[in-house]
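Residue numbers in the sequence shown follow numbering that gives the first Met the number 0, run continuously in steps of one, and reach 127 at the last position.
What follows is a single structure, written as structure tokens, with notes after it.
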Amino acid sequence: MNFNKQGRLQSKSTLYWENGQLQSVMNYNAQEKLDGKITHYWENGKLKAAIDYKNGLADGFSHEYDQSGKLIAIWQFERDREVHLQEMNGNVKHGTEMFFRLNKDRKNEGYHGIEWNNGKKVREERLE
0 MNFNKQGRLQ SKSTLYWENG QLQSVMNYNA QEKLDGKITH YWENGKLKAA
50 IDYKNGLADG FSHEYDQSGK LIAIWQFERD REVHLQEMNG NVKHGTEMFF
100 RLNKDRKNEG YHGIEWNNGK KVREERLE
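Dropping the structure here:
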């Protein structure tokens, strides 16, 4: 058993691919909800995704990688709702960047979109 600094039970689940490579590492809080950094790996051992969770909800950042290990997207979540997406080509903005606002009912309300081509802004659109 594992306990945090406040004395609460914490546990970790580690899964492996049939080839012995690490597949996922998931942390759970005392209420058995995902909590902390959750990581998933491709079968080749490269990092696939790292996602921040708080009390069972995606909350914070998620980084997504292709099978070669190159960063392809960064997501930002607030209480399990997407508020920002940035597509990437390694460390360069490439593709779509979108911002979402949440209203008091926690529904997406309009967005602001930017299109990137290898780090250069090519188009921007704001919808209300």
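Backbone N, C-alpha and C define an ideal beta-carbon position, used for all residues, glycine too.
- Residue state for Q30 is assigned as coil, using DSSP reduced to three classes.
- In terms of Cβ geometry, L33 and Y40 do not form a close pair [threshold 9 Å].
- For S61, the enclosing beta strand (DSSP E) stretches over residues L56 to Y64.
- Comparing C-alpha distances from D51 to each of L101, F60 and Q85 shows the shortest one belongs to F60.
- Selection Q5, D65, F98 and L56 evaluated against G35 yields L56 as nearest (Cα-Cα).
- Counting only residues of its own chain and dropping the five nearest sequence neighbours on each side, E86 has a CB closer than 8 Å to the CB of I71, A72, K92, H93, G94, T95, E96 and W115.
- When the five nearest sequence neighbours on each side are left out, the beta carbons in the same chain lying within less than 6 Å of the beta carbon of G112 are those of M97 and E124, in order along the chain.
- Taking the CA atoms as reference points, S67 sits about 11 Å from E42.
- Taking all protein chains in view, the Cβ of Y64 is crowded by 16 or more other Cβ atoms within 10 Å, so the residue is classified as buried.
- If you look at N102, you'll find it isn't in any beta strand (DSSP E); DSSP assigns it neither H nor E.
- When only Cα atoms are considered, E31 and Q22 end up about 20 Å apart.
- By a beta-carbon distance limit of 8 Å, D104 does not contact E77. Their separation comes to about 14 Å.
- The three-state reading of DSSP puts K11 in strand, counting E and B together.
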